[in-house]
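Protein chains in written order, with my numbering: chain X, 607 to 707; chain S, 161 to 342. A virtual CB, placed ideally from N, CA and C, is assigned to each residue, including glycine. The structure displayed is predicted, hence computed values, not measured ones.
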Amino acid sequence: MITLTHCLVVSACIFCIGLYAVLAKRNAIMVLVGIELMINAAILNFVAFGKYDESNYGGQIFALFAIVLAAAAVAVGLAIILNVYRKNKTINLDDITDLRD
Amino acid sequence: MTLEVILFYAFALLAIGSALLVVSLKNLARALFLFFIVLFAMAGLYLFALADFVAITQILIYVGGVLILMIFAFMLSNKELLADLQNTSKQFLSLPNWQAAVLAIGFLAAISYGIYEWQDFTPDWITTNLRNGQVIKPTDNTINEIGYKFITQYVLAFEVISIFLLMVLIGAAHISRREEQA
């Protein structure tokens with residue numbers, strides 16, 4: 607029997623790995639991957655809790671919304687990264703310090 | 161140990177193990193393809209919470225869309241991108257990596273402690289729904305239910321997210337467009 611705690615522990619691990627990627631990586635694409643990992647952990651929590659709510663289906667529906675939001679974030683984020691790369695010739699986050707040229 | 165538990169642990173190990181590899185590999189292309197496996201394993205985990213539609217959507221949108229987009233962006237940018245990645249740090253744990261690891265592990269400890277303390281205090285709505293049998297059962301037709309809920313109870317959020325998605329598409333196209341040479 608899979609209890610709620612099983613899902614919560616797995617999602618906590620995935621969230622912290624994503625947090626590590628966001629903090630430690632200097633490559634902008636890897637930071638984006640870290641954010642995606644954190645969003646996935648949140649979605650796992652949503653569906654795990656949503657299992658106990660048959661009348662509203664709130665967990666699953668808002669998990670779907672979260673997936674859409676994550677896809678939107680990736681689309682805009684990658685567009686910005688490509689633009690920054692075209693301007694600065696690097697996507698090393700330590701080197702990108704100017705907001706304007 | 162039933163088959164269900166064994167499968168759950170297999171998916172959980174697959175997800176956590178490949179996520180660890182994703183953040184530890186130096187090669188960006190390998191990391192992105194491993195991220196693929198993490199997303200598949202997470203979709204498998206959703207099935208254990210009886211969210212089959214969410215799992216399929218995850219595979220469609222993440223694996224079909226987001227990941228292709230990432231690989232696309234990775235291939236579009238130069239070789240310098242790879243070189244840039246590799247000369248960041250030669251040691252296994254440089255100073256920023258070490259600090260980030262301490263922060264992440266501390267956060268994990270805090271969350272685990274929270275889960276451990278919380279275990280005995282199940283929220284009221286969960287106990288009520290469990291008593292009334294109002295939990296999602298494996299035989300339920302979730303796709304039907306989600307479809308009805310989308311156009312009745314959650315119609316406002318659905319419309320808002322549609323407009324939001326349209327804005328994002330236009331915005332992304334605008335940002336990534338090549339500027340005219342003035």
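Whole-number beta carbon distance between L670 of chain X and C613 of chain X, since they are thought to touch under 8 Å: For the purposes of this step, residue 613 of chain X is taken as the residue at position 7 of the first sequence. For the purposes of this step, residue 670 of chain X is taken as the residue at position 64 of the first sequence. The beta-carbon separation of C613 of chain X and L670 of chain X, rounded to 17 Å, does not stay under the 8 Å limit for a contact.
Best match in X:T611, X:A676, X:D659, X:K657 for proximity to L638 of chain X [C-alpha to C-alpha]: Within the first sequence, the letter at position 32 stands for residue 638 of chain X. Nearest in C-alpha terms to L638 of chain X, of all of X:T611, X:A676, X:D659, X:K657, is X:A676.
Secondary structure of N646 of chain X, DSSP reduced to three states: Sequence index remark: in the first sequence, residue 646 of chain X carries index 40 (1-based). It is helical.
Cα-Cα separation, L329 of chain S to E660 of chain X: Start at 1 with the first residue of the second sequence, and residue 329 of chain S comes out as number 169. Start at 1 with the first residue of the first sequence, and residue 660 of chain X comes out as number 54. The straight-line gap from Cα to Cα measures roughly 34 Å.
Alpha-carbon spacing of I275 of chain S relative to V616 of chain X, whole angstroms: Here residue 275 of chain S refers to the residue found at position 115 when the second sequence is read from its first residue. Here residue 616 of chain X refers to the residue found at position 10 when the first sequence is read from its first residue. About 11 Å.
Exposed unless 16 or more other CB atoms sit within 10 angstroms - verdict on T611 of chain X: As a first step, residue 611 of chain X is located in the first sequence; it is residue number 5 there, counting from the start. The residue is exposed, with fewer than 16 neighbouring Cβ atoms inside 10 Å.
Simplified DSSP assignment, three categories, for N257 of chain S: The sequence position of residue 257 of chain S within the second sequence is 97, counting from 1. Helix, per DSSP.
A342 of chain S at chain X interface by Cβ criterion, 8 Å: Residue 342 of chain S sits at position 182 when you count from the first residue of the second sequence. Below a pLDDT of 50, predicted positions are generally treated as unreliable, and A342 of chain S, at 48, falls in that range; the measurement from the model is reported next regardless. Answer no: the Cβ-Cβ gap between A342 of chain S and chain X never drops below 8 Å.
CB contact check: A677 of chain X to chain S, cutoff 8 Å: Here residue 677 of chain X is taken as the residue at index 71 of the first sequence, counted from 1. It does; some Cβ of chain S falls within 8 Å.
Chain X contact for N301 of chain S (CB, 8 Å cutoff): By one-based count along the second sequence, residue 301 of chain S stands at place 141. No, N301 of chain S lies away from the interface with chain X (no Cβ there is under 8 Å from its Cβ).
Counted within 10 angstroms of its Cβ, other Cβ atoms place N304 of chain S as buried (16 or more) or exposed: What you label residue 304 of chain S is simply residue 144 of the second sequence in a count that begins at 1. Looking at its Cβ environment, which holds fewer than 16 other Cβ atoms inside 10 Å, N304 of chain S is exposed.
Cβ contact (3+ pairs, closer than 8 Å) linking the region 615-631 of chain X and the region 257-267 of chain S: Contact between the region 615-631 of chain X and the region 257-267 of chain S is established, with three or more Cβ pairs separated by less than 8 Å.
Closest residue to V226 of chain S among X:N662, X:M607, X:A685 (Cα-Cα distance): Here residue 226 of chain S refers to the residue found at position 66 of the second sequence. Closest by C-alpha distance to V226 of chain S, out of X:N662, X:M607, X:A685, is X:A685.
Candidates X:I697, X:Y658, X:A679, X:N689: closest to G293 of chain S by CA position: One-based indexing of the second sequence puts residue 293 of chain S at position 133. Per the Cα distances, X:Y658.
Minimum C-alpha distance to A654 of chain X - residue among X:T703, X:A618, X:N698: Counting from one through the first sequence, the residue named residue 654 of chain X turns up at place 48. The residue with the shortest Cα to Cα distance from A654 of chain X is X:A618.
Residue-chain proximity (M170 of chain S, chain X), Cβ-Cβ < 8 Å: In the second sequence, residue 170 of chain S corresponds to position 10, counting from 1. The sequence shown places Ala at residue 170 of chain S, not Met. No - not a single Cβ of chain X is within 8 Å of the one on A170 of chain S.
Inter-stretch contact (C-beta, 8 Å, three-pair minimum) for the region 227-237 of chain S and the region 183-202 of chain S: Yes: at least three Cβ pairs fall under 8 Å.
V198 of chain S vs A179 of chain S beta-carbon contact at 8 Å: Your numbering for residue 198 of chain S matches position 38 in the second sequence. Your numbering for residue 179 of chain S matches position 19 in the second sequence. Contact check for V198 of chain S against A179 of chain S passes: the beta carbons are separated by less than 8 Å.
Cutoff 8 Å: A618 of chain X Cβ touching any chain S Cβ: What you label residue 618 of chain X is simply residue 12 of the first sequence in a count that begins at 1. Judged by the 8 Å Cβ criterion, A618 of chain X is in contact with chain S.
Where N633 of chain X sits in the DSSP three-state scheme: To locate residue 633 of chain X, count along the first sequence from 1; it is residue 27. N633 of chain X carries a strand assignment under DSSP once its states are collapsed to helix, strand and coil.
Beta-bridge partners of N698 of chain X, as assigned by DSSP: Looking up residue 698 of chain X in the first sequence gives position 92. Looking at the DSSP assignment, N698 of chain X forms a beta bridge with X:N633.
Assigned secondary structure, Y314 of chain S (DSSP; H/G/I helix, E/B strand, else coil): As a working mapping, residue 314 of chain S is identified with position 154 in the second sequence. Correct three-state label for Y314 of chain S: coil.
Neighbour-count burial assignment, E339 of chain S, 16 or more Cβ in a 10 Å radius: Counted from its first residue, the second sequence places residue 339 of chain S at position 179. Classification of E339 of chain S: exposed, given that the 10 Å Cβ count is below 16.
DSSP three-state assignment for D300 of chain S, whether helix, strand or coil: Residue mapping note: residue 300 of chain S aligns to position 140 of the second sequence, counting from 1. The three-state secondary structure of D300 of chain S, taken from DSSP, is coil.
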